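Numbering (the numbering used here), first residue to last: 6 to 443.
Think of the CB as a built atom: it goes at the ideal place given N, C-alpha and C, for glycine as much as any other residue.
Please read all numbers here as calculations on a predicted model, not as lab measurements.
Working notes, beginning with the structure itself.
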Amino acid sequence: MSSAGEGLSRPLPEQVRLHVVEVAAQVLGSMQATAVPPPLRGIAKFDPRKRARLGSAPIAAQLENDKEFRELVAESLQAAWPELVASLAEGTVPPAAEPVLVAAAAYLTRPPGWPGLVEEARADLERAASAGTQREQAEIRLREQLAAHRAAAKEEIERVREQLRSARAENSDLRRKLHDARERTKAAEARADALEAETAEARSRASSANGAAESELRRLKERLADAERQIEASRRAAREGRSMEDARVRVLMDALQDAAAGLRKELGLPTTISRPADYVSAVTPGEPGVTGVPARALANDDPQLLDQLLAIPNLHLIIDGYNVTKTGYPSLTLADQRARLLTGLGGLAVQVRVEVTCVFDGAELNGPVQVSAPRGVRVMFSAPGEIADDLIRRLVRAEPVGRAIAVVSSDREVADSVRRMGARPVPSLTLLRRLGRS
Numbered sequence: 006m007s008s009a010g011e012g013l014s015r016p017l018p019e020q021v022r023l024h025v026v027e028v029a030a031q032v033l034g035s036m037q038a039t040a041v042p043p044p045l046r047g048i049a050k051f052d053p054r055k056r057a058r059l060g061s062a063p064i065a066a067q068l069e070n071d072k073e074f075r076e077l078v079a080e081s082l083q084a085a086w087p088e089l090v091a092s093l094a095e096g097t098v099p100p101a102a103e104p105v106l107v108a109a110a111a112y113l114t115r116p117p118g119w120p121g122l123v124e125e126a127r128a129d130l131e132r133a134a135s136a137g138t139q140r141e142q143a144e145i146r147l148r149e150q151l152a153a154h155r156a157a158a159k160e161e162i163e164r165v166r167e168q169l170r171s172a173r174a175e176n177s178d179l180r181r182k183l184h185d186a187r188e189r190t191k192a193a194e195a196r197a198d199a200l201e202a203e204t205a206e207a208r209s210r211a212s213s214a215n216g217a218a219e220s221e222l223r224r225l226k227e228r229l230a231d232a233e234r235q236i237e238a239s240r241r242a243a244r245e246g247r248s249m250e251d252a253r254v255r256v257l258m259d260a261l262q263d264a265a266a267g268l269r270k271e272l273g274l275p276t277t278i279s280r281p282a283d284y285v286s287a288v289t290p291g292e293p294g295v296t297g298v299p300a301r302a303l304a305n306d307d308p309q310l311l312d313q314l315l316a317i318p319n320l321h322l323i324i325d326g327y328n329v330t331k332t333g334y335p336s337l338t339l340a341d342q343r344a345r346l347l348t349g350l351g352g353l354a355v356q357v358r359v360e361v362t363c364v365f366d367g368a369e370l371n372g373p374v375q376v377s378a379p380r381g382v383r384v385m386f387s388a389p390g391e392i393a394d395d396l397i398r399r400l401v402r403a404e405p406v407g408r409a410i411a412v413v414s415s416d417r418e419v420a421d422s423v424r425r426m427g428a429r430p431v432p433s434l435t436l437l438r439r440l441g442r443s
């Protein structure tokens, strides 16, 4: 992929070229058939896993020669890495940014001085390759030293073996002497065992009188403890069941009250109890819900789709945390992924008045973590032996029938299951774009 006409004196490094082609192949699969450039229409029909590998050369050539297609790919990269693209536009490179990603973003977005950014990335990659060669040479030297140490160790082992043979001969004589001593000890132990058996029999006769009473007492105590545990479990189940039902009824009542207030405000209804027209039968409009969004044609990853969902009264927004972070910024550590997502959700919670719950997979953690949840955001981790997908389904199932629920996850299995339970699935990229817009 050569770009000498736009400031590059040499082709892009191979790693950068492969990354750019892979991003373009992903964008190519999401484009409408009529918008795909003619040279790439055949490649767009390939399986997503084969598109970048089999169509590498045509995609690279189209990026080089088709400015509109390159800008479309740059928009996708900007949506995924807004901070990196903004830094390059200001002429700075984040210290922790990977050279391949910096070069790819510079090539696609073309900020001022982008050829220099590509060349700096090339130099970083060449230095890394040189360091790898030096490590290989050091490993060869270490192998040679290891061989020398092994030869010396072999000689030492032979010397120790000779000493061991001498020690074994001496040990054989000691074993014969030990055998004689053990025979004498066995005879003494046999006499002691006979005396101990007689003593045990006497003790058995003395304790037999108390044994039956103690056994009966233990059985009665165990039965009493079992009865107390069953009573406590029954009380706990009754309290938890009542608490869950109360919460469901309260949430449903709040949802109905908010929906009624919003409908009354929207229709401008008077405060009187009834009018003559109230007694005329007709079909009334339904309450706003997640199944009625969007009201107009919107792409599934359009941030306006999430805006319309957030406008529904008493909406519960549930986010599959790691599914979102690994879609938007997978190179960060899990702690940094959680911090970045929760910061964005905190800003979103300030803008809209909805219930926000962010769920993380506790199985991917080495132990308990300290998480500072923003105001208005509930943070939950799945318990040991449970994945985040199951916790999300339990949250949806716990809501009363009729409440508006939206689940942010690109996992198809999660999306299908929550849709069957009445919730609205939203792709992770839609939330990332909405947070990027904020």
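Terminal residues of the continuous alpha helix (DSSP H) containing L314? Position 309 of the sequence shown, counted from the start, is the residue given in the question as residue 314. Run containing L314: P308 to L315, per the alpha helix (DSSP H) assignment.
Can you look up E27 in the DSSP assignment and give me helix, strand or coil? Here the question's residue 27 lines up with position 22 in the sequence shown. Three-state DSSP puts E27 in a helix.
Check whether the region 15-32 and the region 108-122 are in contact - that is, three or more C-beta pairs closer than 8 Å. Verdict: yes, contact present.
Let me confirm a value: S308 is counted as buried when at least 16 other C-beta atoms fall within 10 Å, else exposed. Which label applies? Taking the sequence shown and counting its residues from 1, one reaches residue 308 at position 303. For the sequence presented, residue 308 should be read as Pro rather than Ser. Residue burial is scored here from C-beta neighbours: P308 has at least 16 other C-beta atoms within 10 angstroms and is therefore classed as buried.
Could you spell out where the beta strand (DSSP E) holding R429 opens and where it closes? Stepping through the sequence shown from its first residue, residue 429 is reached at position 424. Where R429 is concerned, the enclosing beta strand (DSSP E) stretches over R429 to V431.
Tell me, please, which residues DSSP counts as bridged to T3. Since the first and last residues shown for the chain are 6 and 443, residue 3 lies out of range.
Once you ignore the five residues that flank A172 on each side, which residues in its own chain have a CB closer than 7 Å to its CB? The residue you call residue 172 lines up with position 167 of the sequence shown. If we look at A172 and ignore the five residues flanking it on each side, it has no Cβ neighbours.
Taking contact to mean at least 3 C-beta pairs separated by less than 8 Å, is the region 417-427 in contact with the region 385-398? yes
Taking the alpha helix (DSSP H) that A340 falls in, what are its first and last residues? Position 335 of the sequence shown holds residue 340. L339 to Q356 is the extent of the alpha helix (DSSP H) around A340.
Provide the residue span of the beta strand (DSSP E) that contains T97, from first to last. As a working mapping, residue 97 is identified with position 92 in the sequence shown. Premise fails: T97 is in no beta strand (DSSP E) and is neither H nor E.
CA-to-CA distance, L93 to A128, given in whole angstroms: If you number the sequence shown from 1, residue 128 lands on position 123. If you number the sequence shown from 1, residue 93 lands on position 88. Computed Cα separation, rounded: 18 Å.
So, does the CB of G381 fall closer than 8 Å to a CB anywhere in chain C? Looking for chain C here will not work: only one protein chain is present.
Helix, strand or coil at E391 according to DSSP, with G and I counted as helix: One-based indexing of the sequence shown puts residue 391 at position 386. Coil.
8 Å Cβ cutoff met for L257 and R408: Along the sequence shown, read from residue 1 onward, the residue named residue 257 stands at position 252. Along the sequence shown, read from residue 1 onward, the residue named residue 408 stands at position 403. Yes, Cβ-Cβ distance for L257 and R408 is below 8 Å.
Please state whether DSSP places D325 in a helix, a strand or coil. Within the sequence shown, residue 325 is the residue found at index 320, counting from 1. Three-state result, D325: strand.
Residue burial classification, T114 (beta-carbon count within 10 angstroms, cutoff 16): Numbered from 1 along the sequence shown, position 109 holds the residue referred to as residue 114. Buried is the call here.
Quick check on DSSP: helix, strand or coil for R115? Within the sequence shown, the letter at position 110 stands for residue 115. Note: R115 maps to coil in three-state DSSP.
Are the CB atoms of L130 and P99 within a distance shorter than 8 Å? For the purposes of this step, residue 99 is identified with residue 94 of the sequence shown, where counting begins at 1. For the purposes of this step, residue 130 is identified with residue 125 of the sequence shown, where counting begins at 1. No, Cβ-Cβ distance for P99 and L130 is not below 8 Å.
Expressed to the nearest angstrom, what Euclidean distance is found between the alpha-carbon atoms of A101 and L339? In the sequence shown, the residue the question calls residue 101 occupies position 96. In the sequence shown, the residue the question calls residue 339 occupies position 334. Going from the Cα of A101 to the Cα of L339 covers about 16 Å.
Just the Cα atoms here: how many angstroms apart are L337 and S387? As a working mapping, residue 337 is identified with position 332 in the sequence shown. As a working mapping, residue 387 is identified with position 382 in the sequence shown. Those two C-alpha atoms are separated by around 21 Å.
With distances taken between CB atoms, is the gap from I324 to D366 smaller than 8 Å? Sequence index remark: in the sequence shown, residue 324 carries index 319 (1-based). Sequence index remark: in the sequence shown, residue 366 carries index 361 (1-based). Not a contact, by the Cβ cut-off of 8 Å.
Three-state secondary structure (DSSP) of M385: Indexing the sequence shown from 1 puts residue 385 at position 380. Here M385 sits in strand by DSSP.
Look up A136 in the DSSP assignment and say whether it is helix, strand or coil. As a working note, residue 136 is residue 131 in the sequence shown. Helix, per DSSP.
With which residues is A411 paired in a DSSP beta bridge? The sequence position of residue 411 within the sequence shown is 406, counting from 1. Beta-bridge pairing links A411 to L322 and R429.
Give me whichever residues DSSP pairs with T362 in a beta bridge. In the sequence shown, residue 362 corresponds to position 357, counting from 1. The partner list for T362 (beta bridge, DSSP) reads I323 and R383.
Would you kindly work out how many angstroms separate the C-alpha atoms of A156 and L169, rounded to a whole number? Mapped onto the sequence shown, residue 156 falls at position 151. Mapped onto the sequence shown, residue 169 falls at position 164. Whole-angstrom Cα-Cα distance: 20 Å.
For A403, tell me which candidate among A195, A316, D251 and E76 has the shortest Cα-Cα distance. Position 398 of the sequence shown, counted from the first residue, corresponds to residue 403. It is D251.
Just to confirm before moving on: does the CB-CB distance between A57 and A85 stay below 8 Å? Here residue 57 corresponds to residue number 52 of the sequence shown, with the count starting at 1. Here residue 85 corresponds to residue number 80 of the sequence shown, with the count starting at 1. No, they are not a contact pair.
Excluding the 5 residues preceding and the 5 following S279 in the sequence, name in chain order all residues of the same chain whose CB lies nearer than 8 Å to its CB. The residue labelled residue 279 in the question sits at position 274 within the sequence shown. Model confidence at S279 stands at a pLDDT of 49, short of 50, so the residue's coordinates are unreliable and nothing is read from them.
Taking just the CA atoms, how far does K226 sit from L200? The sequence position of residue 200 within the sequence shown is 195, counting from 1. The sequence position of residue 226 within the sequence shown is 221, counting from 1. The alpha-carbon separation between L200 and K226 amounts to approximately 38 Å.
Secondary structure at K72, three-state DSSP: helix, strand or coil? Indexing the sequence shown from 1 puts residue 72 at position 67. Helix at K72.
Buried or exposed: Q67, going by 16 or more other Cβ atoms within 10 Å of its Cβ? Start at 1 with the first residue of the sequence shown, and residue 67 comes out as number 62. By the 10 Å Cβ count, Q67 comes out buried.
Could you give the C-beta distance for L311 and R439, rounded to a whole number, given that I count them as a contact under 8 Å? Residue mapping note: residue 311 aligns to position 306 of the sequence shown, counting from 1. Residue mapping note: residue 439 aligns to position 434 of the sequence shown, counting from 1. About 5 Å separates the two Cβ atoms, so the contact holds.
Is it right to say I236 is buried, meaning 16 or more other beta carbons lie within 10 angstroms of its own, or is it exposed? Numbered from 1 along the sequence shown, position 231 holds the residue referred to as residue 236. Using a 10 angstroms sphere on the CB of I236, the tally of other CB atoms stays under 16, which defines it as exposed.
Reduced DSSP secondary structure (H/G/I, E/B, other) of M449: Outside the displayed range of the chain (6 to 443) lies residue 449, so it cannot be described from this structure.
With 16 other Cβ atoms within 10 Å as the buried cut-off, status of A186: On the sequence shown, position 181 is the one that residue 186 refers to. Exposed, since its Cβ has fewer than 16 Cβ neighbours within 10 Å.
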